[in-house]
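All the letters of the sequence shown, read from the start, carry residue numbers -22 to -1, 1 to 85 under mature numbering (1 follows the signal peptide of the UniProt record, and there is no 0). Each residue gets a CB set at the ideal place from its N, CA and C atoms; glycine is no exception. Note that this is a predicted model, so its numbers are computed, not measured.
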Amino acid sequence: MKAILQYSALLASLAASASALAHAPFCECTALDAETIRCVGGFTDGSAAPGVTLDVISAADNKVLQPGKLGADSSLTFKRPSEDFYILFDVGPGYMVEVEPSEIKGI
């Protein structure tokens, strides 16, 4: 009986892990031109992310250069900063995605 309980607990934890992985956040950014960047965020299960925080952060001192939230279409378009930066898609504790300029399509 003890082995059955242990096996059941193992299966439950594996199912919970798979469920958490199915909802992992993603953020993809594209340079629309030399001065404009558009980022789209969501979850790997296909869920949209309207209203989720997406900030442009200074690489030098980690200060927020441009605070933002994804729109109804789960995207945010912003002016490219003149200084070094990165993008932080912050869904909540433990669910953040950083996008470096080298990962932005078209840069």
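One or two residues paired with residue i in a DSSP bridge
i     : result
Gly70 : Tyr73
Leu32 : Phe67
Cβ neighbour criterion (16 or more within 10 Å) applied to residue i
i     : result
Ala38 : exposed
Phe67 : buried
Leu32 : buried
Leu48 : buried
Val42 : exposed
Gly19 : buried
Phe63 : buried
Per-residue DSSP class, three states only, for residue i
i           : result
Pro79       : helix
Ala26       : strand
Lys41       : coil
Ala(-8)     : Per-residue confidence for Ala(-8) stands at a pLDDT of 42, beneath the threshold of 50, marking its modelled position as unreliable; the derived number appears in the next sentence. Helix, per DSSP.
Pro59       : coil
residue 87  : The chain is shown only over -22 to 85; residue 87 falls outside these bounds and no answer can be derived.
Glu13       : coil
residue 122 : Shown here, the chain extends from -22 to 85; a query on residue 122 therefore has no answer.
Identity of the residue in the options nearest residue i by Cα
i           : options             : result
Ala26       : Gln44, Gly70, Ser53 : Ser53
residue 115 : Ile65, Leu48, Arg16 : In this structure the chain extends from -22 to 85, so residue 115 is not present and cannot be described.
Asp51       : Gly24, Tyr73, Ser60 : Gly24
Contact with chain D by residue i, beta-carbon distance below 7 Å
i     : result
Ile65 : Absent here is chain D; the protein component of the structure consists of one chain.
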